[in-house]
Each structure stands twice: as C-alpha cells, then as structure tokens.
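Taken in sequence, the protein lines are chains H and S.
The end of the first sequence is residue 477 by the working numbering, with every number in the run present.
The end of the second sequence is residue 1485 by the working numbering, with every number in the run present.
Note sheet for the following structure.
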Amino acid sequence: MPYEPVIGLEVHAQLLTETKIFCSCSTQFGAEPNSHTCPVCMGMPGVLPVLNRKVVEYTMKMALATHCRINEACNFARKNYFYPDLPKGYQISQYAQPLSEHGYVDIELDGGKKRIGITRIHMEEDAGKLLHDEHLPSSYVDLNRTGVPLIEIVSEPDMRSTDEAVAYLKRLHEILVYLEICDGNMEEGSFRCDANVSLRPRGEMMFGTRTELKNMNSFRNVQRALDYEIKRQQYILESGQDVIQETRLWDDSKGETQSMRGKEEAHDYRYFPDPDLVPIVIDNAWTEEMKKSLPELPLEKRERFIRDYQIPPYDAGVLTSSRALAGYFEEVARLSGKPKIASNWVMGDVLRFLNEEKRDIKECPVLPGSLAEMIQLIEDGTISGKMAKDIIVEMYRTGKSPQAVIEEKGMIQITDEGTLEKTVAEVIAANPTQLAQYRGGKEKLFGYFVGQVMKATQGKANPQLINELLKEMLAKE
Amino acid sequence: MELHQLTIHELQKLIRSQGIASSDIVKSVFSRIDAVEGNVHAYITLMKEYAFAEAAKADKDVKEGILKPLTGIPIALKDILCTKGFLTTCGSHILHNYVPPYDATVVQKLREAGAVFTGKTNMDEFAMGSSTETSYFGITRNPWDLERIPGGSSGGSAAAVAADECIASIGSDTGGSIRQPAALCGVVGMKPTYGRVSRFGLIAFASSLDQIGPFTKDVEDCAIMMNAIAGYDPRESTSVPLNVPDYTEFISRGIGGWKVGIPKEYFIEGIHPDIEKAMQRAITTVEGLGATCVEISLPHTEYCLAVYYIIAPAEASSNLARYDGVKYGFRPQGSIDLLDMYKKTRSAGFGAEVKRRIMIGTYALSSGYYDAYYKKASQVRALIKRDFTEAFTLCDAILTPTSPTPAFKIGEKMDDPLQMYLSDIFTISTNLAGIPGISVPCGFTKDGLPIGAQFLAGHFEEGKLIQIASAFEKYANIEKRRPAL
Chain H
1 MPYEPVIGLE VHAQLLTETK IFCSCSTQFG AEPNSHTCPV CMGMPGVLPV LNRKVVEYTM
61 KMALATHCRI NEACNFARKN YFYPDLPKGY QISQYAQPLS EHGYVDIELD GGKKRIGITR
121 IHMEEDAGKL LHDEHLPSSY VDLNRTGVPL IEIVSEPDMR STDEAVAYLK RLHEILVYLE
181 ICDGNMEEGS FRCDANVSLR PRGEMMFGTR TELKNMNSFR NVQRALDYEI KRQQYILESG
241 QDVIQETRLW DDSKGETQSM RGKEEAHDYR YFPDPDLVPI VIDNAWTEEM KKSLPELPLE
301 KRERFIRDYQ IPPYDAGVLT SSRALAGYFE EVARLSGKPK IASNWVMGDV LRFLNEEKRD
361 IKECPVLPGS LAEMIQLIED GTISGKMAKD IIVEMYRTGK SPQAVIEEKG MIQITDEGTL
421 EKTVAEVIAA NPTQLAQYRG GKEKLFGYFV GQVMKATQGK ANPQLINELL KEMLAKE
Chain S
1001 MELHQLTIHE LQKLIRSQGI ASSDIVKSVF SRIDAVEGNV HAYITLMKEY AFAEAAKADK
1061 DVKEGILKPL TGIPIALKDI LCTKGFLTTC GSHILHNYVP PYDATVVQKL REAGAVFTGK
1121 TNMDEFAMGS STETSYFGIT RNPWDLERIP GGSSGGSAAA VAADECIASI GSDTGGSIRQ
1181 PAALCGVVGM KPTYGRVSRF GLIAFASSLD QIGPFTKDVE DCAIMMNAIA GYDPRESTSV
1241 PLNVPDYTEF ISRGIGGWKV GIPKEYFIEG IHPDIEKAMQ RAITTVEGLG ATCVEISLPH
1301 TEYCLAVYYI IAPAEASSNL ARYDGVKYGF RPQGSIDLLD MYKKTRSAGF GAEVKRRIMI
1361 GTYALSSGYY DAYYKKASQV RALIKRDFTE AFTLCDAILT PTSPTPAFKI GEKMDDPLQM
1421 YLSDIFTIST NLAGIPGISV PCGFTKDGLP IGAQFLAGHF EEGKLIQIAS AFEKYANIEK
1481 RRPAL
C-alpha cells in the first residue's frame, strides 16, 4: 500500500537580543560557564522576571514576516517540570494566549510553490546546559543560556515529504536571518528543530499515530532523520503492526532514531498563567511601527531581482541568499548601471574568491564602488574583459581600486590605432611563413596573429581593434 | 519607660532633640531580647553585631546632621525577605543554610531610610500556616500568653513587636499572615494593596496574593513604615507606577461623614463571643467619630476559602519547584540518581503542611483538572473582587473582625488543617481582591488576650486606612496594657 508521510515541525530560534528575556545578563555564546548569570536567571528565591521589550518586537517581526495574526493581548505561562538545567523548576513560555497565530510561508519545489501553514509563534526562555564528567559520577550545570530568548514556531502538519520539510525549514531560516533576529547557527543551537511524523495510506484523511523526533542539529540531519523515520514507520505498518506514539532521538553516528520516552512517560506540564508577569497588550500603532521596520524579505527580493534586473531565477536566488550579498550586488548594479554584468562578476569572481577563503560578503576587500568602476572601465574600453580578470584578482588581494591596480601594473589598454598599426605590421613582417599559409586559405591562422599581437603588447591591446587592423592588413598585398 | 518600649515617632523625637543615640536604643532592644527571647522565640537569626555597627553609623550620621526617616530605628525582618549576606531560611529546612546574594527591594529601601536591622523573625514554613508552628526552627510563643500561638505566618514579626524585641517589623501577608498575628499579638499590622510594595526579594508563596507590610506599635508608626517601603519597583512587573502619598498626613484627619460598611457575611456563627462584643464596641466607636455604619453585602464571601485554597497552593506548587537540591539549600547525601536526589531532597526538606499544599496545587493544575479547579477558582476570584468594587461605591471603608478567635493554644489546631485554615476566614478575601487592609487593637478578651479590628479600603487607598485606623485608635480608648513577660 502506498503511504504518505505527514510532517509538522517545531522550530526554536534564539533571538539576537543583547540581553536575556527576563534580566539584563548578556546572551553572548561561549563565555565561561555561569559567568552570564544573576539571581534572576539562576532562579534564586525571591527574584522576579521583567520582560525585555526587544523580545516582543523581534517576535512581532517574525510573525509579520510569516503572515501571522498578532494577538492584541497575550500572556506568559509557566511550563512546570523538573530538570537541573531549569533552575526555577518551570520554564516561562506562552501557552493559551501566544503572541501570534495563523500564518504561513510559501516554499518553492520542483513542482512549483506550496503554502505551509504556521499554527503559532510564541516567546519563551531557553534552559541551561548540563556538562557531564565521564570520569566522575557528577554533572555540572551551566546557566549562561538560561533565559536567552527563544521563539517557537509551530507549523501545521502540512508537509508531505522530507524535501518539503527541509524546504520549509530553509525558508524559516532564511527569513529569521534576513530579519536579523537570529543568527541561524544550527551547530551552536541558535536554530533547532523537532519534527512530528506520521504515515497514512495515500488518500486517507485521518492522521496516523505520530512520533516526535528530536536532536537533529543540521539540515542534513533533519533530512536523514525524517527519511529514516518514514522508512521505519512504513516497515512497521507494512508488517501489520502499529506505530507507537513516543518521542525519539536522532542518533547521528548510528544514523537511526531511538526511543526516548513513551506516551505514558510524557510530562504533564501543568501550564498556568505566570502571576509574576502582566499581560502584553499590543496596539495597532506598535504593530504598524514593526511593519515599517521590516526589511524586504527574501522571496520578494528574489522576484524583484528577476523582474527589474532581468537576471535568471537561479542567479537571483544566489544573490538574495543573504541580505548583505543582495545589498552588495545592488550597489554594484546601481553604480555601474549594468546589473546583468554586475551579476556575472559578483556570482563569478567575487563569490568564488570569498568561498575559497570561506569569507563573508561583509568582509569582501573589493568594495562595490571599485567593482562598479571596473565594469565601467571595461565598458568604455579602457581595459579588456581579459585584463579585468587579472585586475580583479589584484583588487581582491590588495583591496585597491581598479585605477590603482592598472596604474601600478601599467595595464592601460592600447587603443591608439597608430601604435597598434605599427605593432601589427611588425608581427606580420616577422611571420612570413604563416602569412603565406594564411593567404593560401588557412584562415584559422588569424587567431595565431591575434595571439602574437597580444603577446607583443603584453595583452594590453584592445582586442576589437586588433581584429579590425589584422583583417585589414593581412588582406593587403 | 525603657527605650525599647517606645514607638518610632517617639524615638525619632528623642534622637532629634534629646540626643539619644541609636546605639542606646539598639542596646535597650538587645537587652530586652536577652531577657525575653528565651520564652518568646520571635527570631530565627539575630543580627546583633551588625545592628550595633549600623547603630554606630547612624549615630555618626546624626552628629553630621543626616537624619533619615528611620535613622537608627531597630527593625526586625520576617525571614522570608532576602538579606544579602545574612541567612534567609523562610522557616524551612530546605533553605536552612541559604544566604542570598542580594537584598530584597524592601530591605534596600529600609536601609536607605536609615533602619537598623535586629534580625530575621520566625514564621510558618514558606508562610504556610496561621500559627508559626510549622517553622523548621521551632515555635514562637504569644507574648500575652506563652501557652498560646502568636498567629501566623508572620508570628515572629508580630511577637517581636508585642514583646518590644524590636521597635517595628516587616511581615508578609498572603491570606492574612500580617493582620491575623497582629490581632493575636495586640499590635498594628497592614497589608498594602497588591502592587504597592515591591515583592522583589520576597520569597514567593503565592505570587498573585503575596504582599509585604509593616507591624508597628501604633498607627502613626504604620504610616512612617509605609512611607519607607511603598513605591514602584522596575524590578517587579506587577508593581504599580503610582505616586505614593505621605501617609503620615492621614493621621488625625478624622472620619466625620464617612460611611463605614459592615459586611453581613462576616458576622457569622463561630465568632468568639468576646470578639463579637468588641466588634459592637468598635461600631459604636466609629459612629462616635462621626461616621455612619451601613450594612453591606459581599455575596461571594462563602467561596473565599475554597478559591484561596486552590489558587494559593497552585502557585506555591510552581514557586517551590526551584527547591530541588541542585543549586542551593538542603540536599541529602547518598542519592543514587537524579530522581532519587529530587525525592530525598524534597521529602526531607519540606515539612508536612508545605508538602500538603504542593500536592493540592499540583493536583489543581493537572491536565484534566485545570478547568474545574484553577480556572474556575480564577473566575470566582474575579467575582469576589467585584463584590468589593461594588461595596466601595456604598462606603469609604469596611470594618470586620480580623480573626474569628483570639490566640489559640499551641498544638490545638495542628492536627486539623481545616480549623487552622478558618483562622484566615476574614482576611483571605482581601488578598484575593488585591485591596489593602489593616488590623488595629480593639480590646481584650475576658482572659486578657488581644482582639483586632480590621479595616479595608479600595485599591491604593492605604491613606484612608491610616486615617480611619488612627482615628479609631485615638477614640476607642483601648486600655494600655503590656504583656507580662
């Protein structure tokens, strides 16, 4: 029987605020254990939380970017459970009244576009970390991460394949990074994902029994874990057994999912409104202010690039993959007035150099103004395209302007007809054999002459002019 | 008169004009403590050395002309308020060794006002109780009758003021924990409006009900203490950014023309006959002051206890989750794994009453029960609040007994939680509604035990309470007695 997977994702994204959600401790990653802590985030007796306004604003941005409805009033709830990385014995989260609900994102697949529903986006605090000493029967608690703001983005069970799930995840990731509210680093845990997966016979409306997958810390692992889990469930169903509702952990090294806890071991979190925090009221003015602060989002930008710059969808995709790169390209396009050529140089040389060194566009030594200037120099014939290929290497290496590189290397293109005519005549005179062959009908040798002229001028000759002069002079008796 | 017997305003005058030193006052208070603390046991921790050092600083300030509202006044703190560098136990084994790294806002404010702390007072464990008998550190005795309880949960703070072991003290009130012991110990105790005094640094019992307030020897001192501790705190989200009036200005304003509500639901069977008589006298006194007493109704009164015993334990079950043996406080040796450590820590670290309330609260919040208990209780709570809002359209203040009985015998109600819970029958509604209340002495039983009268007012109308309580105190002509210790 053909089965259809049904996938829903829960994404946790760490927000890029400078301070924690309920105290003024730093959110910086990688500090000495417990150095970014205070009585509030350590859950000392008597402390109280005070909400960081930035967290609300960042969450509103994500909600608006994903077409969610922002609730006029929302509140925080306590999610109660015991674990040593949770110093208060409860996590402050949102439950019955989240900040936003009912949104969507569109994903692009080979077969076209698909809309994935977003159930809700809410705010919560992160927990700490446990460090285990393998040589001692003891564990250590690091509370630096405790209270770092998170948003949880819950999707509808709208995805029907691993590819759709990964595309959705990448779309969320891209939007979060574009909004500059999350650094998107999956290895450091700033972007985490849990998946709910079930199978049902194709055509069936009812959902099958689902499992929840955790511990997938890269796009690739999400792909592998989902593929594995779908196969596992298919095998169970095909052999006439029932899938057990449970939470399963992805084991990267073994490449399989393993049971973590069953339904009967599931926590009863005993949610109730947190009496230490007051309801958050969001009026229209605040929402409008946030709307105005939204940047152009990746999908819109991509469509605009294709439309306005007449560049292929693939190129537009690459150039809009980050806000900085898109900004770089647009600057070069604007200054040079040649968007298509600008796209070729950015996509080709600039990205290749950067990728080789794993550098970000923000660190690119070739400034957009310099690249635009170089394009203009090609356009007005000062340098040839071939020369430019060498010049940009120098520009990247030294950070200098194209003019400076050209002057240093004496690389001005020879466009003076008189000078070039002389050189062409010399080249013809020095190659009587080839000349005879050429005139005898071996026209392929034209290229040979071009090469000789280039060699004689150290590549500085204007190729078009060489062509014209050679044609003319070779034909002369 | 000895210095420790005086009030804040009397001592202020002596410091200002007679050159009495804070060191002398502190010395007098500690000699009193030495004399009676063995019987009363009001304190868990004494801060003697600290108090003398602070008194010396206060004396230096006075010499330099620096006079703050509480300069040099010895004040005791309930052991539920975090004090930087000083043991803060909340009356519990689980925090028996806990030294906070920070000061509660109220502690900070009192320091800034010049107060000298004498120590941390005894209390029911995590403020759960009405008799101070559930403390891990032993019972406190009522200074008026050492065979009796001082009330609770702030029994230590009330007894310390009644026994002159401090000049004033701070307590906390979640369902009557300031007003009931104030009544039982014959002192003045106020629970301010929820949001008026910062809860930051107050170890939470039930966050939506907890409020800090003062115990004093008279109403004027209550106003002075309120001036020092009230006000908005940016560290607390439920703190209200309203200006605080000078409460001492409400003293001796009189209440001519006021309407004082007498809720019919509060004069029920089971009130001690002497208290009933005292209340009749109180009504006469209020009318003698030019006010009119009117019968009012608070129709949802009968649900208060039930609502309270769902909401308070529910919040407590979550608030007390942090005591898990991981970070601070008590942790027994020899746990085999994490779950075992949690179980051993919490089983041995909490007393019976605390465990009872954690279990009730956990149950009330459980999946499948939340709607029937917590949610329903929250809805009824809104009705109780509305009762008061409507009542205050008909009257300026409300007069009730503070407690249905005077101080009871030690051990009398320990095996009967329901009887114990009934001690707070007249005080609990105030916390549910968030309004302020004050208990003032209004006489004695035939057996010589103090009786308290409670006045209630609308949100943020502590000034009105000071006004009516000070008028009452002056006119009621309550016999001046001191406990025979």
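No residue lacks a Cβ here, since even glycine has one placed at the ideal position from N, Cα and C.
- Closest option to Y269 of chain H, judged by alpha-carbon separation, among H:C41, H:I92 and H:A167: H:I92.
- The alpha helix (DSSP H) runs lying completely inside the stretch 1396-1440 of chain S and spanning 4 residues or more are 1417-1421 and 1428-1433, given in chain order.
- Secondary-structure assignment with DSSP links L109 of chain H through a beta bridge to H:G112.
- Residue contact with chain S for N344 of chain H: absent (no Cβ-Cβ distance below 7 Å to any residue of chain S).
- A direct Cα-to-Cα measurement between M1359 of chain S and L179 of chain H gives close to 45 Å.
- For P1101 of chain S, the chain H residues whose C-beta falls within less than 8 Å of its own C-beta are P39 and M44, listed in chain order.
- Within the same chain, and ignoring the five residues on either side of Y95 of chain H in sequence, the residues whose Cβ sits closer than 6 Å to its Cβ are A77 and Y271.
- Annotation for A1278 of chain S: no beta strand (DSSP E) segment contains it, though the alpha helix (DSSP H) segment containing it runs P1273 to G1288.
- When secondary structure is reduced to three states using DSSP, H1093 of chain S falls in the helix class.
- Y1374 of chain S is classed as buried because its beta carbon has at least 16 other beta carbons within 10 Å across all chains shown.
- Looking at the DSSP output, F1444 of chain S bridges to S:P1450.
- DSSP, reduced to helix, strand and coil, places Y90 of chain H within a strand of the structure shown.
- Two segments are said to touch when three or more pairs of C-beta atoms, one from each, lie closer than 8 Å; by this definition the stretch 1109-1117 of chain S does not touch the stretch 1150-1157 of chain S.
- Interface criterion met: the Cβ of Y90 of chain H is under 7 Å from a Cβ in chain S.
- Using a Cβ distance threshold of 7 Å, Y1266 of chain S and F1426 of chain S count as a contacting pair.
- With contacts defined by Cβ atoms closer than 7 Å, L1003 of chain S and I1033 of chain S do not form a contacting pair.
- Every beta strand (DSSP E) stretch that sits fully inside the stretch 146-204 of chain H and reaches 3 residues is listed by chain position as 149-155 and 191-201.
- If one requires a minimum length of 4 residues, the alpha helix (DSSP H) runs lying completely within the stretch 387-460 of chain H are 402-409, 417-430, 432-439 and 445-456, in chain order.
- Where C1222 of chain S is concerned, the enclosing alpha helix (DSSP H) starts and stops at V1219 to I1229.
- Taking 7 Å as the threshold, the shortest C-beta distance from V278 of chain H to chain S falls below it.
- The way I'd put it, the stretch 241-252 of chain H doesn't touch the stretch 47-58 of chain H; fewer than three beta-carbon pairs between them come closer than 8 Å.
- Check the Cα spacing between N144 of chain H and each of H:T27, H:P295 and H:D390: the tightest is with H:T27.
- For the set H:R352, H:T162 and H:R307, the Cα lying nearest the Cα of N196 of chain H is the one of H:T162.
- Under the criterion of beta carbons closer than 8 Å, V1187 of chain S and K1217 of chain S qualify as touching, at roughly 6 Å.
- Counting along the chain, F1117 of chain S sits inside the beta strand (DSSP E) bounded by residues V1116 to T1121.
- The C-beta of K1264 of chain S comes no closer than 7 Å to any C-beta of chain H.
- Chain-order list of chain H residues neighbouring I1212 of chain S: empty, with the shortest C-beta distance near 11 Å, by a criterion of under 7 Å.
- Residue environment: P313 of chain H is assigned as exposed (fewer than 16 neighbouring CB atoms within 10 Å of its CB, all protein chains considered).
- Around the C-beta of E1125 of chain S, 16 or more other C-beta atoms lie within 10 Å, and the residue is accordingly described as buried.
- By the neighbour-count criterion, in which a residue is buried when 16 or more other Cβ atoms sit within 10 angstroms of its Cβ, A165 of chain H is buried.
- For L51 of chain H, the residues of chain S that pass the 9 Å Cβ criterion are S1237, in the order they occur in the chain.
- The contact set of L131 of chain H on chain S, defined by CB atoms closer than 8 Å, is empty, because the minimum CB distance reaches about 14 Å.
- Neighbours of N80 of chain H in chain S, taken as residues at a C-beta separation under 7 Å, are given in chain order as S1318 and A1321.
- Pairwise C-beta distances place the stretch 1224-1238 of chain S out of contact with the stretch 1267-1276 of chain S, as fewer than three of them are shorter than 8 Å.
- For R1141 of chain S, the three-state secondary structure derived from DSSP is coil.
- Flagged as an interface residue toward chain S: L48 of chain H, by a C-beta distance shorter than 7 Å.
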